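Engineer: For the protein sequence lines, the chains are V and H, in the order given.
If you count by UniProt numbering, then the first sequence holds residues 1 to 258, one letter each, in order.
If you count by UniProt numbering, then the second sequence holds residues 1 to 258, one letter each, in order.
Structure in structure tokens, see below.
Number of protein chains: 2
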Amino acid sequence: MKFKIAIIGTGKVAWHFSTSLENAGHIITEVYGRDLAKARRLTSQLYDTDAQDHLDFTESAAEIFIVAVADDAISEVADAVLLPENSILVHTSGTVPLEVLGYSSAEHTGVVYPLQSFSLHRTVTWEEVPILLEAEDPDTLSKLKKLVKTLSAQHYVVRSKDRNAVHVAAVFASNFTNHMIRIAEEIMLRQGLDFEMIKPLIIEQISKCLELGPKAAQTGPASREDMETLENHHLFLQYNDQLAEIYRLISQDIIDSQ
Amino acid sequence: MKFKIAIIGTGKVAWHFSTSLENAGHIITEVYGRDLAKARRLTSQLYDTDAQDHLDFTESAAEIFIVAVADDAISEVADAVLLPENSILVHTSGTVPLEVLGYSSAEHTGVVYPLQSFSLHRTVTWEEVPILLEAEDPDTLSKLKKLVKTLSAQHYVVRSKDRNAVHVAAVFASNFTNHMIRIAEEIMLRQGLDFEMIKPLIIEQISKCLELGPKAAQTGPASREDMETLENHHLFLQYNDQLAEIYRLISQDIIDSQ
Numbered sequence: 001m002k003f004k005i006a007i008i009g010t011g012k013v014a015w016h017f018s019t020s021l022e023n024a025g026h027i028i029t030e031v032y033g034r035d036l037a038k039a040r041r042l043t044s045q046l047y048d049t050d051a052q053d054h055l056d057f058t059e060s061a062a063e064i065f066i067v068a069v070a071d072d073a074i075s076e077v078a079d080a081v082l083l084p085e086n087s088i089l090v091h092t093s094g095t096v097p098l099e100v101l102g103y104s105s106a107e108h109t110g111v112v113y114p115l116q117s118f119s120l121h122r123t124v125t126w127e128e129v130p131i132l133l134e135a136e137d138p139d140t141l142s143k144l145k146k147l148v149k150t151l152s153a154q155h156y157v158v159r160s161k162d163r164n165a166v167h168v169a170a171v172f173a174s175n176f177t178n179h180m181i182r183i184a185e186e187i188m189l190r191q192g193l194d195f196e197m198i199k200p201l202i203i204e205q206i207s208k209c210l211e212l213g214p215k216a217a218q219t220g221p222a223s224r225e226d227m228e229t230l231e232n233h234h235l236f237l238q239y240n241d242q243l244a245e246i247y248r249l250i251s252q253d254i255i256d257s258q
Numbered sequence: 001m002k003f004k005i006a007i008i009g010t011g012k013v014a015w016h017f018s019t020s021l022e023n024a025g026h027i028i029t030e031v032y033g034r035d036l037a038k039a040r041r042l043t044s045q046l047y048d049t050d051a052q053d054h055l056d057f058t059e060s061a062a063e064i065f066i067v068a069v070a071d072d073a074i075s076e077v078a079d080a081v082l083l084p085e086n087s088i089l090v091h092t093s094g095t096v097p098l099e100v101l102g103y104s105s106a107e108h109t110g111v112v113y114p115l116q117s118f119s120l121h122r123t124v125t126w127e128e129v130p131i132l133l134e135a136e137d138p139d140t141l142s143k144l145k146k147l148v149k150t151l152s153a154q155h156y157v158v159r160s161k162d163r164n165a166v167h168v169a170a171v172f173a174s175n176f177t178n179h180m181i182r183i184a185e186e187i188m189l190r191q192g193l194d195f196e197m198i199k200p201l202i203i204e205q206i207s208k209c210l211e212l213g214p215k216a217a218q219t220g221p222a223s224r225e226d227m228e229t230l231e232n233h234h235l236f237l238q239y240n241d242q243l244a245e246i247y248r249l250i251s252q253d254i255i256d257s258q
């Protein structure tokens, strides 16, 4: 099933969706950008797509309108966008509830949230991107399922309240794990040590964690309740109070969750 | 260069060192365990090794004695062990300084700290295990380098003070990343959601982090300083004060380290 789709936004998610959906055989009719130059940069990568800097889509041939803008701009865009009859308006955010689209001119609304960390210069392997779907009515949900299937992505139907929980979990699993590695890197660099030394440990720990589950995979001074080492590490980190407090708090949480 | 080696300890590190060193052509003369049955369980995996529950090694043919016991037992073992002339006594800990072996009967002392998270039922790929070496004298250091080369492991010469910093960094990079994933899993399970959904994100984030470095790889609400989402997530976590505080503190640290 092929759709005509308009993309509202010019960021990473807009780029990956528009190029991948076109590759999957859909037609991208328009790309909207507040900054027309940015919209043109994206449409130049597409086969035959108009760039526009206004939200009047009443003449558009599209059936599905994908809002891929910053979270705090979604409701504003939804309120302002003018859509043809019988259109489906979806956003792509993990945090914004479906209801935010409720005041728009769209007859059908939904959410298509790709649970993945996108970068402009990395190819997206859609087979490995879980997409969280939500829609106000079953017909729309069924169309959105068909849409994401054309990308070979896995999908999960998740309500707004649960999608928010997934987003919080994703922050811990992705942004916060990344920051733990950032802190490790800084400790190494401050001491004049080679960060490369730590990389095999990270790879082994993560693969063990995904294989055995994080509870069974845990090791280290906190899980052993080795108070002497915890105290020694805490002292080492006194050069940065915030870091010392992060160390203390996470160690305590590891101890508490044994 | 082949060595005769005695292993003091029966834990994960003792198991992996003794079996791997034997495979590499060295002779494991004795294994010491406070619990003789545990020492026998390990020697039963080895070609021709005696199990013993006393620390008198004066009759041992070994030249290198590897202490692989809990950190807080190392100094006690080092003080009690009786060694033949000209022996090298090493421990395998990331946190305990070399000097702790200074009161032992060993003529030469050193540290052989494998910077990896070992599990009993996972094979160790030594090529991917950085080993941190330290020794009191250059001859001993040279012998320890030869020893770890037979395992095909990479080695780094690191002083006690720096080794402690590496250990703190390793706790962040390994134990704390694992715990962030543990928290993510619990948020998902509490909501009745499938933890599998998050796994592709973890894999992509870690590979991006190792490829681009953690600073460039960071995304998410804290790095965007999206205060509305941070506040919303913090509210979501109010069911567990400690978790809410971990969220707040790490987000603040991400903001501060932009």
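For every residue, glycine included, the Cβ atom is placed at its ideal position computed from N, Cα and C.
Small disclaimer: the values here were computed from a predicted structure and weren't measured.
Under 8 Å, Cβ to Cβ, is there at least one residue of chain V near L193(H)?
Structural biologist: Yes, because at least one Cβ of chain V sits closer than 8 Å to the Cβ of L193(H).
Engineer: Are the C-beta atoms of R182(H) and some chain V residue less than 8 Å apart?
Structural biologist: Closer than 8 Å: yes.
Engineer: Would you check if the distance between the CB atom of N175(H) and the CB atom of C209(V) is smaller than 8 Å?
Structural biologist: No, these two residues do not count as a Cβ contact at 8 Å.
Engineer: For Y47(H), return the contacting residues in chain V, with the cut-off set at a CB-CB distance below 8 Å.
Structural biologist: Those within 8 Å of Y47(H) in chain V number zero; the least Cβ separation is about 28 Å.
Engineer: Rounded to a whole number of angstroms, what is the C-alpha to C-alpha distance between L230(H) and R190(H)?
Structural biologist: Taking the straight line from one Cα to the other gives about 20 Å.
Engineer: Sorted by chain position, which residues of the same chain lie with C-beta nearer than 6 Å to K40(H)'s C-beta, five sequence neighbours on each side aside?
Structural biologist: Per the sequence presented here, residue 40(H) reads as Arg, with Lys not at that position. Hits under 6 Å: A51.
Engineer: Less than 8 Å between the beta carbons of M188(V) and Y156(H), yes or no?
Structural biologist: No; because the gap between Cβ atoms is not below 8 Å, this pair is not in contact.
Engineer: What residues from chain H crowd round R159(V), counting only those whose CB sits closer than 8 Å?
Structural biologist: Neighbours of R159(V) on chain H: none; closest Cβ ~10 Å, over 8 Å.
Engineer: Once you ignore the five residues that flank E127(V) on each side, which residues in its own chain have a CB closer than 6 Å to its CB?
Structural biologist: Here the set comprises S152.
Engineer: Going by Cα to Cα distance, which pick from E204(H), L243(H), Q205(H) is closest to I183(H)?
Structural biologist: Minimum Cα distance to I183(H) is reached at L243(H).
Engineer: What are the boundary residues of the beta strand (DSSP E) that Y156(H) is part of?
Structural biologist: From DSSP, the beta strand (DSSP E) with Y156(H) extends over 154–157.
Engineer: Is D79(H) close to chain V, meaning its C-beta is less than 8 Å from at least one C-beta of that chain?
Structural biologist: Not closer than 8 Å to any Cβ of chain V, the Cβ of D79(H) fails to qualify, so no.
Engineer: Helix, strand or coil, according to DSSP, for A6(H) in the structure here?
Structural biologist: Strand at A6(H).
Engineer: Say whether chain H places a C-beta atom closer than 8 Å to the C-beta of Q258(V).
Structural biologist: Answer no: the Cβ-Cβ gap between Q258(V) and chain H never drops below 8 Å.
Engineer: Less than 8 Å separating the beta-carbons of V112(H) and I66(H)?
Structural biologist: Yes.
Engineer: How would you label G102(H), buried or exposed, when you count the other beta carbons within 10 angstroms and need 16 or more for buried?
Structural biologist: Classification for G102(H): exposed.
Engineer: Name the residue from D139(H), A14(H), D226(H), R248(H) whose alpha carbon lies nearest to the alpha carbon of F118(H).
Structural biologist: For F118(H), the nearest C-alpha among the options comes from A14(H).
Engineer: F17(V) CB to nearest chain H CB: under 8 Å?
Structural biologist: Not one chain H Cβ lies under 8 Å of F17(V).
Engineer: What residues from chain H crowd round S117(V), counting only those whose CB sits closer than 9 Å?
Structural biologist: Ordered by position in chain H, the residues that pass the 9 Å Cβ test against S117(V) are L201, E204, Q205, K208, A217, T219, G220.
Engineer: So, helix, strand or coil for F57(V), using DSSP?
Structural biologist: Reduced to three states, the DSSP call for F57(V) is coil.
Engineer: Please state whether DSSP places L151(H) in a helix, a strand or coil.
Structural biologist: Of the three classes helix, strand and coil, the one that applies to L151(H) here is coil, per DSSP.
Engineer: In the DSSP assignment, what are the bridge partners of residue 259(H)?
Structural biologist: For chain H, the structure presents residues 1 to 258; residue 259(H) sits outside this window and is missing.
Engineer: At the 8 Å Cβ level, is T123(H) part of the contact set with chain V, yes or no?
Structural biologist: So, not an interface residue.
Engineer: What does residue 280(H) pair with, by DSSP beta-bridge criteria?
Structural biologist: Residue 280(H) falls outside the range modelled here, since chain H spans only 1 to 258, and no answer is possible.
Engineer: Any beta-carbon of chain V closer than 8 Å to the one on T229(H)?
Structural biologist: Yes, because at least one Cβ of chain V sits closer than 8 Å to the Cβ of T229(H).
Engineer: Anything in the segment 57–88 of chain H with a Cβ closer than 7 Å to a Cβ of chain V? List those residues in chain order, please.
Structural biologist: So the close ones are D71, D72.
Engineer: If you draw a straight line from the alpha carbon of S44(H) to that of V168(H), how long is it in whole angstroms?
Structural biologist: Roughly 36 Å separates the two Cα atoms.
Engineer: Do three or more CB pairs link the segment 67–77 of chain V to the segment 213–232 of chain H at distances below 8 Å?
Structural biologist: Cβ pair count under 8 Å is three or more, so yes.
Engineer: So what does DSSP say about Q52(H), is it helix, strand or coil?
Structural biologist: Reduced to three states, the DSSP call for Q52(H) is strand.
Engineer: Could you give the C-beta distance for P200(V) and P130(H), rounded to a whole number, given that I count them as a contact under 8 Å?
Structural biologist: Right, their Cβ atoms sit about 6 Å apart.
Engineer: Name the DSSP beta bridge partners of E30(V), please?
Structural biologist: Answer is D50(V).
Engineer: If the criterion is Cβ atoms closer than 8 Å, does the pair G110(V) and E136(V) meet it?
Structural biologist: Taking 8 Å as the Cβ cut-off, G110(V) and E136(V) qualify as a contacting pair.
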